[in-house]
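Per the working numbering, the very first residue in the sequence shown carries number 2; after that it's consecutive. Note that beta-carbon positions come from the ideal geometry of N, C-alpha and C, so glycine has one too. Input: a single structure, listed below in structure tokens.
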Amino acid sequence: MSKTYVEPGREIPVYDECDILIVGGGSAGHSAAIAAARAGAKNIVIMERYGYMGGDVTGGYVLMVPKLSWYNKSFVRGLQEEWFTRLEKIPGAVLAPTLEQIGTSDPVLLDIWASIHGCVSESEPKRLVRAVYYEPNQLKIEMDKMLLEHKDAIRVQYHSMGVRPIMEGNELKGVIFESKEGRKALLAKVIIDATGDGNIFYQTGTPYKELADSNTRSNTTALVWRIGGVDWHKYYEWQKANRHLAGGIFKRIGEIAGFRCAPIPGSQHDWLWMNNWHADRDCSKIKDQTETEMNTRDTLRDVLAYLKEACPIAFRDAYLLDIAPQLGCRCSRRLQGEYIMTPNDFAFATKFDDVIAWHSTICLINDCAPIEIPYRAILPKNVENLLCPGRHISADDVAIDWLTLIPQCVGTGQAAGVAAAVAVADGVSVRDVNIRRVQDILVEQDVPLPRHPGVDPSYTQCCEEHEYGLYTELARKAREEANGIKDYRQW
Ligand SMILES: Cc1cc2nc3c(=O)[nH]c(=O)nc-3n(C[C@H](O)[C@H](O)[C@H](O)COP(=O)(O)OP(=O)(O)OC[C@H]3O[C@@H](n4cnc5c(N)ncnc54)[C@H](O)[C@@H]3O)c2cc1C
Numbered sequence: 002m003s004k005t006y007v008e009p010g011r012e013i014p015v016y017d018e019c020d021i022l023i024v025g026g027g028s029a030g031h032s033a034a035i036a037a038a039r040a041g042a043k044n045i046v047i048m049e050r051y052g053y054m055g056g057d058v059t060g061g062y063v064l065m066v067p068k069l070s071w072y073n074k075s076f077v078r079g080l081q082e083e084w085f086t087r088l089e090k091i092p093g094a095v096l097a098p099t100l101e102q103i104g105t106s107d108p109v110l111l112d113i114w115a116s117i118h119g120c121v122s123e124s125e126p127k128r129l130v131r132a133v134y135y136e137p138n139q140l141k142i143e144m145d146k147m148l149l150e151h152k153d154a155i156r157v158q159y160h161s162m163g164v165r166p167i168m169e170g171n172e173l174k175g176v177i178f179e180s181k182e183g184r185k186a187l188l189a190k191v192i193i194d195a196t197g198d199g200n201i202f203y204q205t206g207t208p209y210k211e212l213a214d215s216n217t218r219s220n221t222t223a224l225v226w227r228i229g230g231v232d233w234h235k236y237y238e239w240q241k242a243n244r245h246l247a248g249g250i251f252k253r254i255g256e257i258a259g260f261r262c263a264p265i266p267g268s269q270h271d272w273l274w275m276n277n278w279h280a281d282r283d284c285s286k287i288k289d290q291t292e293t294e295m296n297t298r299d300t301l302r303d304v305l306a307y308l309k310e311a312c313p314i315a316f317r318d319a320y321l322l323d324i325a326p327q328l329g330c331r332c333s334r335r336l337q338g339e340y341i342m343t344p345n346d347f348a349f350a351t352k353f354d355d356v357i358a359w360h361s362t363i364c365l366i367n368d369c370a371p372i373e374i375p376y377r378a379i380l381p382k383n384v385e386n387l388l389c390p391g392r393h394i395s396a397d398d399v400a401i402d403w404l405t406l407i408p409q410c411v412g413t414g415q416a417a418g419v420a421a422a423v424a425v426a427d428g429v430s431v432r433d434v435n436i437r438r439v440q441d442i443l444v445e446q447d448v449p450l451p452r453h454p455g456v457d458p459s460y461t462q463c464c465e466e467h468e469y470g471l472y473t474e475l476a477r478k479a480r481e482e483a484n485g486i487k488d489y490r491q492w
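This is how it looks when you write it as structure tokens:
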């Protein structure tokens, strides 16, 4: 860009001061706020540009949380599992195999769940997996309720957009934000950048990368929309009976839209969400954001009309239920922090002393087995007082695809909140935080961590018994494919 304008300097009011400031209220930011409060922090602010929590998981209509279990163990617990134990009480809010059912190979249950993507394992013997479908508005309500339970410790600031870090040398001291009240400053001891696009960290001088390998799903944007008046069971039965036609439908809706689209079940069988992938678009660029919005809206009526015609048994009465309130953002800027995760961490089950999450993932090269995420993957280089959990986690071009799923955003967010609380209580920087204390609190918050004395040893036994998923037939095939065609695009 050649032409510039020099913005004059000016004094701005300090709106608030706190111990822990979280910028961005998506799955990572919300989890950070709740976890920090439960770890004893008393002076927390969470700032969000929209008027609700959740980001992609509520406003972006990403309505499925995959792979919370591996074999018969629920590896992803903590706040992620709490969302669903809370929502399960509300009719129609959640659809998932129960925790008691996971790992079973009971043919009756496998048959019941076969129609719901992700609820049955890819590898043999087939078994039930805890993959959860949920209703986004119910989750929005629940996320507010969770914050209100900690209103003595957390101040929620909606409709506020963090725009600039306040730096003193390499120390981050706060954030400048914009709102209907104008431009103001918020000062904090620790800042958690949970904006998903590194909105704060990219201006601090810490290393980061932009878009990933263009074969990855991370390189795609979306605008999800929902179809009401459908019958998911009838659609599934029709697909089973008409395999040749069903494949053609996917291909055709992609051709009509001009980008890949896939209908995914919802928490109730009478609506579905239309996931989509606009290739090589960056959700931090105005042009790509605008084109994603306009291309999707421009083509969705035609996609719906085609579905009614191609599969009337399921779509005869279908109608446009709604369009997600916000753009679906998979990835843009990514931290290149103190540790950069790579496919090797999946392929060799790397063990980390500073592990903060031990998650089953969607990665087929290790049969979706749990992998360890280290604290250093959310810790930036060269900048103090900053943590960066969520989908902009530090990873290379390939590993990022397996780390931006909702569980990993919740898990790293929860860990960031606890680490911030411990650092503030001990009067040390987040770089020097007592990681053992962070791990102890995470375990108290129902997060299973490997090698921790407070965690049931059957978790480790499960991994060892199944060799961390590395030598299964599925892992072998996935590695061959990854080496050959280098197409990691999924989800
Ligand atoms: C279409 C689509 C389908 C997907 N499918 C799946 C799936 O099936 N299962 C799965 O597990 N994952 C899926 N993912 C990935 C997953 O949903 C996201 O990676 C995850 O939800 C990101 O969480 P986050 O908190 O890191 O970021 P976000 O959800 O993006 O949250 C960031 C929050 O910060 C706010 N914010 C941003 N900038 C600022 C700022 N400057 N100031 C204040 N607030 C700000 C945003 O409004 C938002 O609320 C999908 C993603 C997309 C887009």
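Alpha helix (DSSP H) segment containing residue i, residue limits
{"i": "GLN440", "result": "436-445"}
{"i": "MET295", "result": "287-311"}
{"i": "ALA37", "result": "28-39"}
{"i": "LYS146", "result": "137-149"}
{"i": "SER459", "result": "459-466"}
{"i": "VAL176", "result": "No alpha helix (DSSP H) holds VAL176; the beta strand (DSSP E) holding it covers 172-180."}
{"i": "GLY418", "result": "407-427"}
{"i": "ARG317", "result": "That residue, ARG317, is in no alpha helix (DSSP H); it is neither H nor E in DSSP."}
{"i": "VAL109", "result": "108-114"}
Cut-off 6 Å between Cβ atoms - residues of its own chain near residue i, not counting five sequence neighbours on either side
{"i": "GLU18", "result": "LEU188"}
{"i": "SER70", "result": "ILE103, VAL130, ARG131"}
{"i": "VAL109", "result": "none"}
{"i": "THR1", "result": "Past the edges of the chain, shown from 2 to 492, lies residue 1, and the structure says nothing about it."}
{"i": "PHE251", "result": "none"}
{"i": "VAL419", "result": "ALA36, ALA40, VAL439, ILE442, LEU443"}
Residue i Cβ short of 7 Å to ligand 1 heavy atom set
{"i": "ASN200", "result": "yes"}
{"i": "MET342", "result": "no"}
{"i": "ASN435", "result": "no"}
{"i": "ARG331", "result": "yes"}
{"i": "GLY52", "result": "no"}
{"i": "ASN276", "result": "yes"}
{"i": "PRO67", "result": "yes"}
{"i": "ARG282", "result": "no"}
{"i": "ARG165", "result": "no"}
{"i": "SER70", "result": "no"}
{"i": "SER28", "result": "yes"}
{"i": "GLY391", "result": "yes"}
{"i": "PRO408", "result": "yes"}
{"i": "GLU310", "result": "no"}
{"i": "THR5", "result": "no"}
{"i": "ASP57", "result": "yes"}
Bounding residues of the beta strand (DSSP E) (the contiguous stretch that carries residue i)
{"i": "LYS252", "result": "Not the beta strand (DSSP E): LYS252 falls in the alpha helix (DSSP H), residues 244-258."}
{"i": "LYS185", "result": "183-194"}
{"i": "ILE45", "result": "45-48"}
{"i": "SER361", "result": "356-361"}
{"i": "ASP20", "result": "15-24"}
{"i": "ALA229", "result": "Sequence inspection shows Gly at residue 229; the Ala mentioned does not correspond to that position. That run of the beta strand (DSSP E) goes 226-229."}
{"i": "ILE374", "result": "371-375"}
{"i": "ALA348", "result": "Here ALA348 belongs to no beta strand (DSSP E); instead the alpha helix (DSSP H) covers 344-348."}
{"i": "GLN158", "result": "155-158"}
{"i": "PRO167", "result": "Looking at the sequence itself, residue 167 is Ile, so the reference to Pro does not match. Taken as a continuous stretch (DSSP letters only), the beta strand (DSSP E) holding ILE167 covers 162-169."}
{"i": "ILE265", "result": "261-266"}
{"i": "LEU273", "result": "272-278"}
Nearest candidate by alpha-carbon position, reference residue i, set the options
{"i": "SER215", "options": "ILE401, SER161, LEU100, ARG78", "result": "ILE401"}
{"i": "GLY10", "options": "THR99, SER122, LEU64, ARG184", "result": "ARG184"}
{"i": "ILE254", "options": "GLU169, ASP303, LEU64", "result": "ASP303"}
{"i": "ASN73", "options": "VAL121, MET162, SER32, ILE265", "result": "VAL121"}
{"i": "PRO264", "options": "ILE287, LEU321, ALA213", "result": "LEU321"}
{"i": "ALA494", "options": "ILE45, GLY55, TYR16", "result": "With the chain covering only 2 through 492, there is no way to say anything about residue 494."}
{"i": "GLU179", "options": "VAL384, GLU169, ASN367, ARG165", "result": "ARG165"}
{"i": "GLN269", "options": "GLY170, THR405, VAL15, GLY230", "result": "GLY230"}
{"i": "LYS334", "options": "GLU123, ILE366, TYR203", "result": "Reading off the sequence, residue 334 comes out as Arg, not Lys. Nearest of GLU123, ILE366, TYR203 to ARG334, Cα basis: TYR203."}
{"i": "LEU100", "options": "ASP112, ARG128, ILE35", "result": "ARG128"}
{"i": "VAL434", "options": "LEU64, ILE357, LEU365, GLY470", "result": "ILE357"}
{"i": "ILE21", "options": "LEU388, GLN440, THR5", "result": "LEU388"}
{"i": "GLY206", "options": "THR297, LEU336, ALA223, TYR134", "result": "LEU336"}
Contacts around residue i, its chain only, beta-carbon distance under 7 Å, and the 5 residues preceding and following it disregarded
{"i": "VAL157", "result": "ILE47, LEU148"}
{"i": "ARG39", "result": "GLN446"}
{"i": "LEU406", "result": "PRO67, THR362, ILE363"}
{"i": "TYR489", "result": "Low local confidence applies: a pLDDT of 42 at TYR489 is under 50, so the model's placement there is unreliable, with the coordinate-based value given in what follows. Counting only Cβ-Cβ distances below 7 Å, and skipping sequence neighbours, we find ASN216, THR217, VAL399, ASP402, ALA483."}
{"i": "ASP318", "result": "GLY230"}
{"i": "LYS487", "result": "Unreliable placement is indicated for LYS487, whose pLDDT of 48 sits below 50; no coordinate value is reported for it."}
Cβ neighbours of residue i in the same chain (closer than 8 Å, five flanking residues each side left out)
{"i": "PHE76", "result": "LEU69, SER70, TRP359, HIS360, SER361, PRO371, PRO449, TYR460"}
Q: Indicate whether the contact test is met: 3 or more Cβ pairs, each with one atom in the region 389-408 and one in the region 422-439, closer than 8 Å.
A: Short answer: they don't touch.
Q. Quick one: any contact between the region 287-295 and the region 303-320, if contact means 3 or more CB pairs under 8 Å?
A. no
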